[in-house]
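Numbering (UniProt numbering), first residue to last: 1 to 181. Glycine included, each C-beta is placed from N, C-alpha and C at the ideal position.
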């Protein structure tokens with residue numbers, strides 16, 4: 001594209017203008033939702049229920065039809081580069097990465113569905129960009145920390161990493177030291 005612009009006599013100013021137009025157009029579509037059907041669970045909170053004795057149960061569906069934002073889609077696909085671009089490049093116009101969808105799921109919950117070690121890689125990226133590992137999700141009127149959700153999903157290693165992230169955040173707040181990345 002640069003060669004094309006250079007050969008037509010366009011200046012660097014034109015390249016910047018074209019780039020700005022592209023980003024403006026993309027920004028207008030970055031928050032729109034797309035309707036898709038995907039295999040497996042997508043809305044993590046809909047995969048959980050509470051047993052009669054109060055235990056958290058995990059029973060994911062085989063497919064899910066959904067309206068989804070690009071951020072949630074990037075998290076589901078484990079696309080860390082795209083997640084970073086969406087979070088950094090459009091911070092002013094994008095909702096917080098802690099937002100819940102219409103079913104109560106957050107980007108961290110979407111990332112929890114990825115296979116290890118990709119789940120933690122994406123969750124850690126979201127935490128570095130401001131997601132709160134202490135955030136609790138309401139399922140059937142009961143508040144659950146991410147670590148309990150990971151345990152119910154059969155992911156004890158992820159639960160431990162989430163608990164460590166909470167401890168690290170608490171230590172950082174106590175000492176007023178910026179979060180370690």
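Inset, instruction - May I ask you to verify whether the stretch 131–141 touches the stretch 102–109, counting CB pairs closer than 8 Å and requiring at least 3? - result: With a cut-off of 8 Å, the stretch 102–109 and the stretch 131–141 count as touching, because enough Cβ pairs lie within range.
Inset, instruction - Work out the CA separation of residue 145 and residue 52 for me, nearest whole Å. - result: Indexing the chain shown from 1 puts residue 52 at position 52. Indexing the chain shown from 1 puts residue 145 at position 145. Here the alpha carbons of residue 145 and residue 52 stand approximately 20 Å from one another.
Legend entry - Local conformation of residue 155 per DSSP, three classes: Numbered from its first residue, the chain shown carries residue 155 at position 155. Residue 155 carries a coil assignment under DSSP once its states are collapsed to helix, strand and coil.
Legend entry - Distance CB(residue 122)-CB(residue 78) smaller than 7 Å: Looking up residue 122 in the chain shown gives position 122. Looking up residue 78 in the chain shown gives position 78. Going by beta carbons, residue 122 and residue 78 fall inside the 7 Å limit.
Inset, instruction - Pick helix, strand or coil for residue 58, following the three-state DSSP scheme. - result: Residue mapping note: residue 58 aligns to position 58 of the chain shown, counting from 1. Residue state, collapsed to three classes: strand.
Inset, instruction - Return the CA-CA distance between residue 83 and residue 74, expressed in angstroms with no decimal places. - result: Position 83 of the chain shown, counted from the first residue, corresponds to residue 83. Position 74 of the chain shown, counted from the first residue, corresponds to residue 74. Distance between residue 83 and residue 74, taken at the CA atoms: about 6 Å.
Legend entry - Beta carbon of residue 57 nearer than 7 Å to that of residue 49: On the chain shown, residue 57 is found 57 positions in, with the first residue counted as 1. On the chain shown, residue 49 is found 49 positions in, with the first residue counted as 1. Pairing residue 57 with residue 49 gives a Cβ-Cβ distance under 7 Å.
Legend entry - Run of the beta strand (DSSP E) containing residue 138, from where it starts to where it stops: In the chain shown, the residue the question calls residue 138 occupies position 138. Note, residue 138: beta strand (DSSP E), 136–139.
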